[in-house]
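To start, the structure itself, in structure tokens.
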Amino acid sequence: MEICIEPTNICSAKCTFCWYGKDGGDLRPKGFISKPTFGQIRRVLKNSNLRQRVISLSTPSGDVTCYPHLLDLIAMINDVGYRVRFYSNGILLDRFMPELFKLKIASINISTMIGSTPKEYSSTFGVDSYDRVMQNIETLKASKIPISIKDVQKRTRWDDFNGLITEADLPPGHTMPSLNEHRRIPCYGLYGKALIEYTGDISVCNCRQSSDLVISNIMDKRTVQAAIRSSESLKAIRNSWWLWGEMLDICKTCSHYHPMTRQIPRILRRTIEGLVVSVRRQER
Ligand code: SF4
Ligand code: SF4
Numbered sequence: 025m026e027i028c029i030e031p032t033n034i035c036s037a038k039c040t041f042c043w044y045g046k047d048g049g050d051l052r053p054k055g056f057i058s059k060p061t062f063g064q065i066r067r068v069l070k071n072s073n074l075r076q077r078v079i080s081l082s083t084p085s086g087d088v089t090c091y092p093h094l095l096d097l098i099a100m101i102n103d104v105g106y107r108v109r110f111y112s113n114g115i116l117l118d119r120f121m122p123e124l125f126k127l128k129i130a131s132i133n134i135s136t137m138i139g140s141t142p143k144e145y146s147s148t149f150g151v152d153s154y155d156r157v158m159q160n161i162e163t164l165k166a167s168k169i170p171i172s173i174k175d176v177q178k179r180t181r182w183d184d185f186n187g188l189i190t191e192a193d194l195p196p197g198h199t200m201p202s203l204n205e206h207r208r209i210p211c212y213g214l215y216g217k218a219l220i221e222y223t224g225d226i227s228v229c230n231c232r233q234s235s236d237l238v239i240s241n242i243m244d245k246r247t248v249q250a251a252i253r254s255s256e257s258l259k260a261i262r263n264s265w266w267l268w269g270e271m272l273d274i275c276k277t278c279s280h281y282h283p284m285t286r287q288i289p290r291i292l293r294r295t296i297e298g299l300v301v302s303v304r305r306q307e308r
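Each residue of the sequence shown is one higher than the last, beginning at 25 in the numbering used here.
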């Protein structure tokens, strides 16, 4: 399971295609990990002895580099035995370089608009930071940290964030595909991901944010596994989808949906999907 930590839900950009800052988007107050939550995350990671030795820093609504104590957070995670992968728009990275290069980073993933003009960039990202991002990428390239650049102009799947984003909000030339596919099998996000939000809440997925996805809180737990295993709400979310095909509203048009059976061999996948259909028929 991929364990993610959200240092903040504040962002340095205002992308037209994103729900960040839009009315009805992330309904939580803006904030950062507090000192007590930071300490508890350290204790829980130390106790958990996770098989996956890389922790992701990401946020469904913000940018991790807006967290002023990012270097301390990564150093703490390294200190308890994990490397870090993080996702960013790259705007504020210069705040943390070159100190960042001394830490154990598995990869940095930057989402931006390579090869566009500063004007095109600012009309999509909502800020005049094109030159700064390109300079930050050059500095990063000169380090030993593996980086991956995602060009938003090459994206083919866009989210409408349950109606908050329309085709007019996408970069020029892009269309909003229909995400009305049949979602018979529960999403892999309910099995493969957990996000410790900046508040200490644990959300079952890091792709979207909704109070419906919150399954527990880190503050009174000893390990991440205990928080996930003991969650009755997670069982209810999974069972509703398996037994009745009922999913959370936030999952209905999410472009990150993948059936959880995609990760298992095809023959087993067909058997499971067949079983789901026959159980649901009996329920009717
Ligand atoms: S950088 Fe990411 S979180 Fe921030 S506004 Fe753009 S898409 Fe949204
Ligand atoms: S559909 Fe989206 S929000 Fe729902 S579990 Fe999957 S990835 Fe997460």
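We put the CB at the ideal spot given by N, CA and C, even for glycine.
Among the options, which one has its Cα closest to the Cα of residue i?
i: R66; options: T247, V238, K174 and H282; result: T247
i: I134; options: G269, I171 and D236; result: I171
i: P195; options: C211, R207 and E144; result: E144
i: A251; options: H280, G269, I220 and S234; result: I220
i: Q64; options: K54, I29, V228 and L51; result: I29
i: T285; options: E162, G187 and L299; result: L299
i: T148; options: C42, D155, S167 and P283; result: C42
i: T199; options: D184, S146 and N73; result: D184
i: A218; options: V238, I98 and G105; result: V238
i: I57; options: S140, V157, V151 and N33; result: N33
i: S279; options: S153, Y212, I138 and Y106; result: Y212
i: R75; options: R107, H93 and L214; result: R107
i: I169; options: E191, R156, S131 and D155; result: S131
Assuming residue i contacts residue j (C-beta within less than 8 Å), just tell me the rounded distance between them.
i: I27; j: I79; result: 6 Å
i: I242; j: V88; result: Not really, about 18 Å apart at Cβ, beyond 8 Å.
i: G49; j: K38; result: The pair is not a contact, with the Cβ atoms about 11 Å apart (cut-off 8 Å).
i: I173; j: I138; result: 6 Å
Just list the alpha helix (DSSP H) runs in the segment 224-300, keeping only unbroken ones of 4 residues or longer that don't cross its boundaries, in chain order. Complete alpha helix (DSSP H) runs here, min 4: 248-253 and 256-268.
Output the residues surrounding ligand 2, defined as those with a CB atom closer than 6 Å to any ligand heavy atom, in chain order. Selection output, chain order preserved: C211, G213, L214, C229, C231, R232, I274, C275, C278, H280 and Y281.
Flag this pair as touching only if the segment 249-266 and the segment 121-133 have three or more C-beta atom pairs under 8 Å; answer yes or no. The count of Cβ pairs closer than 8 Å, one atom from the segment 249-266 and one from the segment 121-133, stays below three, leaving the stretches out of contact.
Pick out every residue whose C-beta is nearer than 6 Å to a heavy atom of ligand 1: which are they, in chain order? After applying the 6 Å Cβ criterion, the set is C35, A37, K38, C39, C42, Y44, S85, G86, D87 and N113.
Just checking, does the segment 222-235 make contact with the segment 47-57 on the three C-beta pairs under 8 Å criterion? As far as the Cβ criterion goes, the segment 222-235 touches the segment 47-57, which means the pair count is three or higher.
Whole beta strand (DSSP E) runs in the segment 107-135 with 3 or more residues, listed along the chain? Complete beta strand (DSSP E) runs here, min 3: 107-112.
Where in the segment 57-97 do unbroken runs of the beta strand (DSSP E), each at least 3 residues long, occur, reported from the N-terminal end onward? Runs found: 78-81.
Go through the segment 133-190 residue by residue and report every complete run of the beta strand (DSSP E) that reaches 3 residues or more, in order. Listed in chain order, they are 171-175.
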